[in-house]
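Engineer: If you read the sequence shown in my numbering, its first letter stands for residue 6, the second for the next number, and so on. Virtual Cβ for every residue (Gly too), placed ideally from N, Cα, C. Computed from a prediction, not measured in an experiment: that's the story for all the values here. To start, I am sharing the structure in question, which I have written as structure tokens.
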Amino acid sequence: MALLRVNSVSIECVMGDIADQPGVGAIVNAANARLLPGGGVAGAIHRAAGPGLEKECGPLAPIRPGEAVVTGGHNLPNPYVIHCLGPVYGTDEPAATLLADCYRNALGIAEEKGIRSIAFPAISTGIFGYPVEEATGIALKTVVEETPRLRSVRHIRFVLFGNRDLRVYEQALGKLQAGTPALLIDLDGVLYVGEKAVAGSLETVQWLNGNGIPHLFVTNTSSRPGSALVEKLARFGIHTDEKRIFSPPVAASQWLATHAPGKAALFVPEATKAEFGRLEELDRHAESGASSVVIGDLGKQWTFPVLNRAFRLLMAQPKPLLVALGMTRYWQGTDGLLLDVAPFVKALEHAAGCEAVVLGKPSKAFFDAGLDILGCKPADAIMIGDDIAGDVQGAQRAGMKGILVRTGKFRPGDLEGEIKPDAVLDSIAELPDWWKESVKLP
Ligand SMILES: [Mg+2]
Numbered sequence: 006m007a008l009l010r011v012n013s014v015s016i017e018c019v020m021g022d023i024a025d026q027p028g029v030g031a032i033v034n035a036a037n038a039r040l041l042p043g044g045g046v047a048g049a050i051h052r053a054a055g056p057g058l059e060k061e062c063g064p065l066a067p068i069r070p071g072e073a074v075v076t077g078g079h080n081l082p083n084p085y086v087i088h089c090l091g092p093v094y095g096t097d098e099p100a101a102t103l104l105a106d107c108y109r110n111a112l113g114i115a116e117e118k119g120i121r122s123i124a125f126p127a128i129s130t131g132i133f134g135y136p137v138e139e140a141t142g143i144a145l146k147t148v149v150e151e152t153p154r155l156r157s158v159r160h161i162r163f164v165l166f167g168n169r170d171l172r173v174y175e176q177a178l179g180k181l182q183a184g185t186p187a188l189l190i191d192l193d194g195v196l197y198v199g200e201k202a203v204a205g206s207l208e209t210v211q212w213l214n215g216n217g218i219p220h221l222f223v224t225n226t227s228s229r230p231g232s233a234l235v236e237k238l239a240r241f242g243i244h245t246d247e248k249r250i251f252s253p254p255v256a257a258s259q260w261l262a263t264h265a266p267g268k269a270a271l272f273v274p275e276a277t278k279a280e281f282g283r284l285e286e287l288d289r290h291a292e293s294g295a296s297s298v299v300i301g302d303l304g305k306q307w308t309f310p311v312l313n314r315a316f317r318l319l320m321a322q323p324k325p326l327l328v329a330l331g332m333t334r335y336w337q338g339t340d341g342l343l344l345d346v347a348p349f350v351k352a353l354e355h356a357a358g359c360e361a362v363v364l365g366k367p368s369k370a371f372f373d374a375g376l377d378i379l380g381c382k383p384a385d386a387i388m389i390g391d392d393i394a395g396d397v398q399g400a401q402r403a404g405m406k407g408i409l410v411r412t413g414k415f416r417p418g419d420l421e422g423e424i425k426p427d428a429v430l431d432s433i434a435e436l437p438d439w440w441k442e443s444v445k446l447p
């Protein structure tokens, strides 16, 4: 069964009998102009509904191609039947418009009746001769386009008569899904600033979940573990799990296990060390013997002896690898701007004459790893952040789109440089509107 969620509406396709859809508010009849039983879908529906349906249909007939009318369900398990007259292919023109009208008018009636779920057959594809591939494209395009206007309909089901029709629908839905862009969302400065949630961030995350938009929360924070970030988000009412938190420690621990096995000297806060579970940590006082020297955001724990120990480790033989958990220069705290990882890495590179491997924004390797988790191509992915360099430029260099928000560390001067964001939003609260305008389904 293929399923697509768009604008909080789920669209699915199943093989089955349109007259046997219990739990669905309305089924759609591929009717004839006189609303008589006949064969195919109409015959099956009239047989299951009993003679009361034909009696109720009488005064409503005839209907024109593209038109839809509603009756009760009679002996059917559904409260309503919506009858649509599809175009006869090659006779009723413009066929594509008339076919789209059927789906649009049926959804309009469902909305008027406050119906939550509706089941459609593949209108006009039987004896009316509409080619299935063509009709499927029109049906799906029309219902997807209608979704932003739907208030009560939350579930649209296409009930296909045979295997071949089901395959055509599944392929068409699969294509719509494959083109669904994924989102990487920066945490600090986008969803919250310090201990305060950005207004509208909760609603936007609910909107992402409601629409099944694949997403990861991306952070260069190496000062707290993923579990602490999940707890922090929960305090703002945003519920997620650790698997959605993509941070430099997570990326680095995987990368180091294969690229620099051996003892790692970790310059990260105690709480973050759990994320390096697979790595063996060098004795915390040793000044030689490291395979890697990993620099995270130690914040106020940076002192001359601590920084100098990292330097001595890097000068020891054999030379260890210098690893930076991100190259963020600074961040916005509640009391002002604060130094992040990059200045300390730069100092060590300069002193020890080496170059760090960066596993964190804005490195391409880091973004690539995040996209691997999402199973998404760079061209289909969007990064939203408050850092014009670390978020926007980093994402763009990795082949993604980069959106800048005017919250967190944003400064108006950010827009005067060479980096051009694909969009600039006042805050993440504007994302759903921007998405509906700018992210076109294929
Ligand atoms: Mg940020």
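Just the Cα atoms here: how many angstroms apart are M6 and T130?
Structural biologist: In this predicted model, M6 has a pLDDT of only 49, less than 50, meaning its place in the structure is not dependable; the value taken from the coordinates is given anyway. Those two C-alpha atoms are separated by around 21 Å.
Engineer: Hey, would you say the C-beta of D2 is under 8 Å away from at least one heavy atom of ligand 1?
Structural biologist: Nothing can be reported for residue 2, as the shown portion of the chain is limited to 6 through 447.
Engineer: Count the other C-beta atoms from every protein chain shown that fall within 10 angstroms of the C-beta of G199, then say buried if there are 16 or more, exposed otherwise.
Structural biologist: Counting Cβ neighbours within 10 Å, G199 comes out exposed, since fewer than 16 surround it.
Engineer: Please report the residue range of the alpha helix (DSSP H) in which L112 lies.
Structural biologist: Taken as a continuous stretch (DSSP letters only), the alpha helix (DSSP H) holding L112 covers 100 to 117.
Engineer: What is the DSSP secondary structure of V173, counted as helix, strand or coil?
Structural biologist: V173 falls in the helix class under three-state DSSP.
Engineer: Can you tell me which of H51, P253, I87, D340 puts its alpha carbon nearest to the alpha carbon of G331?
Structural biologist: If we check each option's Cα against that of G331, P253 comes out closest.
Engineer: Helix, strand or coil for D25 per DSSP?
Structural biologist: Coil at D25, not helix or strand.
Engineer: To the nearest angstrom, how far is the alpha carbon of P64 from that of G95?
Structural biologist: Near 29 Å, if we compare the C-alpha coordinates of G95 and P64.
Engineer: Does DSSP put Q322 in a helix, a strand or coil?
Structural biologist: Reduced to three states, the DSSP call for Q322 is coil.
Engineer: Would you report the Cα separation of S227 and F309, rounded to the nearest angstrom?
Structural biologist: Taking the straight line joining both Cα atoms gives about 20 Å.
Engineer: In or out: G179 buried (at least 16 other Cβ within 10 Å) or exposed?
Structural biologist: Exposed: under 16 other Cβ atoms inside 10 Å.
Engineer: Between the beta-carbon of L90 and the beta-carbon of N37, is there less than 9 Å?
Structural biologist: Yes, they are a contact pair.
Engineer: Just checking my contact of R154 with S122 at CB under 8 Å: how many whole Å lie between their CB atoms?
Structural biologist: So it is not a contact: roughly 17 Å between Cβ atoms.
Engineer: H51 by DSSP, collapsed to three states: which one?
Structural biologist: Helix, per DSSP.
Engineer: Quick check on DSSP: helix, strand or coil for K248?
Structural biologist: Here K248 sits in helix by DSSP.
Engineer: Does any heavy atom of ligand 1 sit closer than 8 Å to the C-beta of G413?
Structural biologist: Under cutoff, so the answer is yes.
Engineer: Throw me the rounded Cβ distance for the L327 and L319 pair, which I believe falls under 8 Å.
Structural biologist: Their Cβ separation, rounded to whole angstroms, is 6 Å, which keeps L327 and L319 in contact under 8 Å.
Engineer: Ligand 1 heavy atoms versus the CB of D302: any closer than 8 Å?
Structural biologist: No; taking the cut-off as 8 Å, the Cβ of D302 has no heavy atom of ligand 1 nearer than that.
Engineer: Beta-carbon within less than 7 Å of G205's beta-carbon, same chain only, minus the 5 sequence neighbours each way: which residues are those?
Structural biologist: Excluding residues within five positions, the ones whose Cβ falls inside 7 Å are S432, I433, A434.
Engineer: Within its chain, find whatever has a CB closer than 6 Å to the CB of P230; leave out the 5 residues flanking it on each side and keep chain order.
Structural biologist: Taken in chain order, the residues that qualify are A276, T277, A279, E280.
Engineer: Tell me the residue span of the beta strand (DSSP E) that contains L221.
Structural biologist: Looking at the DSSP string, the run of the beta strand (DSSP E) that includes L221 is 220 to 223.
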